[in-house]
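There are 2 protein chains.
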Amino acid sequence: MQNTVFKALAHPARRQVLALLRKGPRLAGDLAAEFESSWPTMSRHLAVLKDADLITAERQGNQILYRVNTSVLEDAATALLGLIGGDNGDDELKEAAE
Amino acid sequence: MQNTVFKALAHPARRQVLALLRKGPRLAGDLAAEFESSWPTMSRHLAVLKDADLITAERQGNQILYRVNTSVLEDAATALLGLIGGDNGDDELKEAAE
DNA sequence: ACTCATATTAGCAAAAACGCTAATTAGCAC
DNA sequence: GTGCTAATTAGCGTTTTTGCTAATATGAGT
Numbered sequence: 000m001q002n003t004v005f006k007a008l009a010h011p012a013r014r015q016v017l018a019l020l021r022k023g024p025r026l027a028g029d030l031a032a033e034f035e036s037s038w039p040t041m042s043r044h045l046a047v048l049k050d051a052d053l054i055t056a057e058r059q060g061n062q063i064l065y066r067v068n069t070s071v072l073e074d075a076a077t078a079l080l081g082l083i084g085g086d087n088g089d090d091e092l093k094e095a096a097e
Numbered sequence: 000m001q002n003t004v005f006k007a008l009a010h011p012a013r014r015q016v017l018a019l020l021r022k023g024p025r026l027a028g029d030l031a032a033e034f035e036s037s038w039p040t041m042s043r044h045l046a047v048l049k050d051a052d053l054i055t056a057e058r059q060g061n062q063i064l065y066r067v068n069t070s071v072l073e074d075a076a077t078a079l080l081g082l083i084g085g086d087n088g089d090d091e092l093k094e095a096a097e
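Protein chains in written order, with numbering that gives the first Met the number 0: chain A, 0 to 97; chain B, 0 to 97.
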């Protein structure tokens, strides 16, 4: 859902995670090490991002590799741009929500 | 701040307000009438959007006219796109935050 | 099976967001 | 001034988010 995406983007730490992931996939612990928050806290941020489908998780033996999901990020950016200009109808958001 | 913008975008009603404002300026009461929430509730949503600088308010005698602030919306969209691809450094967010 | 490293889930408390009704401010008309 | 409309602010309770520690899963190695 569109809403979970924007809610996920509402927290600075989560946007930061996406920024780190932009440069390439990363292990959970590797990510957690970059932040001051406790490990469980970061784990939950990752869960929120995953729930919004902004990232994907893949087990690699003992650890878990996270990847950014570019297309969802693109959709969000497009939705924002859709809020600008455009002499279009008023239902661009509804379409994008599906 | 970047953070207030994304927090403001996190609520569906507020995104909807922006969508309505895209078509042109609107009076506060006119906007409030489009939603099911109470008028004070909408007033606060508008305050959040204004605090994030996503909209601007202008008195028109008895009433208040709201306008979308396109540039801030653009900046947010750009920030999201910056989270994608780009073999850039890791500090694009920091720059955009200023 | 036992142990270690990696990561998540459970459970709790503090903080913030949400949405309401009631009260207040702001401007216009009389 | 009073009265009326438009809109915000105050105050409250409920819900959600956040972040911690402790407990639990999951997999690899011995």
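Glycine is no exception: its CB is placed at the ideal position from the N, C-alpha and C atoms.
Residue i and residue j closer than 8 angstroms at C-beta
i	j	result
residue 66 of chain B	residue 20 of chain B	yes
residue 9 of chain A	residue 5 of chain B	yes
residue 34 of chain A	residue 12 of chain A	yes
residue 76 of chain B	residue 32 of chain A	no
residue 82 of chain B	residue 72 of chain A	yes
Contact set for residue i: own chain, Cβ-Cβ below 6 angstroms, skip 5 residues either direction
i	result
residue 24 of chain A	64 and 66
residue 44 of chain A	12 and 13
Cut-off 8 angstroms between Cβ atoms - residues of its own chain near residue i, not counting five sequence neighbours on either side
i	result
residue 68 of chain A	52, 53, 54 and 55
Identity of the residue in the options nearest residue i by Cα
i	options	result
residue 41 of chain B	B:7, B:3 and B:71	B:7
residue 30 of chain A	A:2, A:1 and A:62	A:62
residue 80 of chain A	B:36, B:37 and B:70	B:70
residue 0 of chain A	A:49, A:60 and A:84	A:49
residue 46 of chain B	B:84, B:2 and B:27	B:27
7 angstroms Cβ shell around residue i - same chain, five flanking residues per side excluded
i	result
residue 90 of chain A	At residue 90 of chain A, the pLDDT of 49 sits below 50, so the modelled position is not reliable and the matter cannot be decided from this model.
Beta bridge counterpart(s) of residue i as assigned by DSSP
i	result
residue 58 of chain A	A:63
residue 26 of chain B	B:64
Selection of the stretch 54 to 76 of chain A by Cβ proximity to chain B, strictly under 7 angstroms:
69, 72, 73, 75 and 76
Of the residues that make up the stretch 10 to 22 of chain A, which ones have a beta carbon closer than 9 angstroms to any beta carbon in chain B?
10, 11, 14, 15, 17, 18, 19, 20, 21 and 22
Quick one, which residues of the stretch 22 to 46 of chain B are near chain A if we go by CB-CB under 8 angstroms, in chain order?
22
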